[in-house]
Amino acid sequence: MLELVRAQPRFGYRRIWVLLRREGWRVNRKRVWRLWRQQGLKVPRKKRKKRRLGHSGNSCVRRRARYKNHVWAWDFIYDRTADGRPLKWLTLVDEFTRECLALEVARGMTAKAAAAVVARVIAERGAPGHLRSDNGSEMIARAMQAMLAAVGVETLYIEPGAPWENGYAESFNSKLRDEFLNAELFDNAKHAQAMAAAWKWAYNEDRPHSSLNYLTPAEFSRTLESSGLQVAAAPLPCARRPPTSHPCGEPELS
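The opening position of the sequence shown corresponds to residue 318 in this note's numbering, with each subsequent residue numbered one higher.
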């Protein structure tokens, strides 16, 4: 009976009883049931398939930021302290200005903690029109969706398994990894938090960005404000339309 169960783990005791009879065992169904119970056997419950929320129509190419605070992108990246214990980093960027809006680190970070970080930035800077992310558990959590809905932020979930569709977050994470995480050794989480605050300031204020004509993100943001290029919020385009120019010379795609 146990050999049959190993071969057919989705079969219940009735089907196992039938297979035993076919093999010539003279055994009734009740005895098979008693042996089944004695061995603690049961059919594994079927796992419900996860419903993924994203699709390619929400990618950074097809639905592109057109002004400051139009689209923010966020993601997680992982590292370790000197003693080998994990660190979880939350990154949040403005896709248009390339500013790093949040760089938070902890040993672990729940959906509620992540939502609190995003809510804090919204309180300081104002709500964006859209927030782009993958389908990670923190991103699709009810706590996050409820907080964003309360302030009128539309979520843009990318296609599962397609991180390039969240390209601005991925680009920032690669710079974070190359220029900071791979260059620093953190003693503990508090040490990492202090170093993160300094690196975030330097990234926004001191680091020239090639896609911004070598302005820093903070300089570019201030240029937008002084030139009056900020425009009222509008829905992202869904249909195809002719490309228009980006202030930094990059085409805007629909």
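Think of the CB as a built atom: it goes at the ideal place given N, C-alpha and C, for glycine as much as any other residue. Note that this is a predicted model, so its numbers are computed, not measured.
Legend entry - At least three beta-carbon pairs within less than 8 Å, the region 430 to 439 to the region 525 to 544: no
For Trp342, which three-state DSSP category applies?
-> Here residue 342 refers to the residue found at position 25 when the sequence shown is read from its first residue. Looking at Trp342 - three-state DSSP - the assignment turns out to be coil, as it is neither helix nor strand.
| How is Thr427 classed by DSSP in three states: helix, strand or coil? | Along the sequence shown, read from residue 1 onward, the residue named residue 427 stands at position 110. If DSSP states are grouped into helix, strand and coil, Thr427 belongs with coil.
Backbone CA spacing between Tyr330 and Gly341 [nearest angstrom]
Counting from one through the sequence shown, the residue named residue 330 turns up at place 13. Counting from one through the sequence shown, the residue named residue 341 turns up at place 24. Straight-line Cα distance between these residues: approximately 17 Å.
For Asp495, name the three-state secondary structure that DSSP assigns. Within the sequence shown, the letter at position 178 stands for residue 495. The answer is helix: DSSP assigns Asp495 an H, G or I state.
- According to DSSP, is Ser454 helix, strand or coil? For this step, residue 454 is matched to residue 137 along the sequence shown. It is helical.
- Item | Neighbourhood of Lys385 by C-beta, 7 Å cutoff - its chain only, sequence neighbours within 5 removed | The residue you call residue 385 lines up with position 68 of the sequence shown. Cβ within range, chain order: Asp411, Phe413, Thr414, Ser538, Leu541 and Gln547.
Can you check whether the CB of Arg381 is closer than 8 Å to the CB of Arg402?
Indexing the sequence shown from 1 puts residue 402 at position 85. Indexing the sequence shown from 1 puts residue 381 at position 64. When the beta-carbon positions are compared, Arg402 and Arg381 stay at least 8 Å from each other.
*What residue from Arg383, Arg362 and Ser376 has the CA that sits closest to Glu476's CA?*
As a working mapping, residue 476 is identified with position 159 in the sequence shown. The candidate whose alpha carbon is nearest that of Glu476 is Ser376.
**Asked** Should Thr427 go down as buried or exposed, given a rule of 16 or more other Cβ atoms within 10 Å for buried?
**Response** Along the sequence shown, one-based indexing puts residue 427 at 110. Exposed, since its Cβ has fewer than 16 Cβ neighbours within 10 Å.
I'd like to know whether the C-beta atoms of Phe450 and Trp406 end up nearer to each other than 8 Å. Here residue 450 corresponds to residue number 133 of the sequence shown, with the count starting at 1. Here residue 406 corresponds to residue number 89 of the sequence shown, with the count starting at 1. Correcting the residue identity first, residue 450 is Ser in this sequence and not Phe. For Ser450 and Trp406, no; Cβs fall outside 8 Å.
ask   = Of the choices Ala444, Pro534 and Met512, whose alpha-carbon is the least far from that of Tyr520?
value = To locate residue 520, count along the sequence shown from 1; it is residue 203. Checking every option, the nearest Cα to that of Tyr520 belongs to Pro534.
field: Sequence ranges, beta strand (DSSP E) only - wholly within the region 392 to 452, length at least 3
entry: Complete beta strand (DSSP E) runs here, min 3: 403 to 411, 417 to 423 and 447 to 450.
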